[in-house]
Amino acid sequence: MTSTTPDGERLLTSPCLIRFPRLLGDEADGALARLDRELDWQRPSLRLFGRDHPIPRRQVWMGDAAYRYSGRDFAPTPWHPVVRTIHEAVVARLAAAGVAARFNSVLLNRYDGGTDRMGWHCDDEPELGEAPLIAAVSLGTERPLRFRWKDRRAPAFNVALPHDSLLLMGAGTQDALEHALLPRRLEGLRLSLTFRWVHP
Ligand SMILES: O=C(O)CCC(=O)C(=O)O
Ligand SMILES: [Mn+2]
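When you line the sequence shown up against UniProt numbering, it's residues 1 to 200, in that order.
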């Protein structure tokens, strides 16, 4: 693993949002290629008002625990070796920055160009616990993650997520803010890996 500085860029203090550049270094391009090629990317449908809508991206749920999302249970895929390596890099980088974190699950999202997207939500399912800490790794085409305050106390803002970056959404983020990956006029593949702790 390439050595990098542990210092992230603190984008917000309360709740805490920190972005770290160059998580994997020289291994990032290979990780993107292998995950794209080797995972069984799914496009499940969500039922809304009695109709099935395929989600506007592909995804894989991986780790040790099943996950309930929009009223459906997703059985986990076993850990892929590349995801294990990324997980270790995330935990190490956060530890170096003084953040003790543990994760037993990850949602991998695959966005094939700018029309693939994820709508406004917060990750506050009960099985994620009281004040979940979520670590989001981005690989591939840079896209902004848009945040908005639930109480509209301040304007919405973008966080650019470059290739090989890590964004820590600290305790309280899901309470105070929603986030979305909005459609954009851009091309290119982007993968995100959002690591979580799911209480069994
Ligand atoms: O793709 C992203 O960066 C965001 C993904 C996300 O919000 C999620 O997996 O819950
Ligand atoms: Mn999310």
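Ideal Cβ positions, reconstructed from N, Cα and C, are used throughout, including at glycine.
DSSP places valine 91 inside the alpha helix (DSSP H), whose first and last residues are 81 to 96.
Between tryptophan 41 and the set Leu108, Gly8, Leu181, the nearest pair of CA atoms involves Leu108. Within its own chain, the residues whose Cβ lies closer than 6 Å to the Cβ of arginine 190, once the five positions on either side in sequence are excluded, are Tyr111, Gly140, Thr141, Arg143, listed in chain order. Spanning the alpha carbons of histidine 53 and serine 45 requires a straight line of approximately 5 Å. Assignment of beta-bridge partners to glutamine 42 by DSSP yields Gln59. Glutamate 125 sits close to tyrosine 67, with the two beta carbons spaced by under 9 Å. For alanine 66, the three-state secondary structure derived from DSSP is coil. A distance criterion of 8 Å places the beta-carbon of histidine 87 beyond contact range of ligand 2, judged by its closest non-hydrogen atom. Threonine 173 sits in a helix when the DSSP states are folded into three classes. As DSSP reads the structure, proline 144 sits in a beta bridge with Ala160. Of all C-beta pairs linking the region 92 to 103 to the region 181 to 188, fewer than three are shorter than 8 Å, placing the two stretches out of contact. When DSSP states are grouped into helix, strand and coil, glycine 30 belongs to the helix group. Within 8 Å of the C-beta of methionine 118 there is at least one heavy atom belonging to ligand 1.
Distances from the CB of tyrosine 111 to the heavy atoms of ligand 1 include at least one below 8 Å. By the Cβ rule, the region 168 to 178 counts as touching the region 9 to 19, because three or more pairs are nearer than 8 Å.
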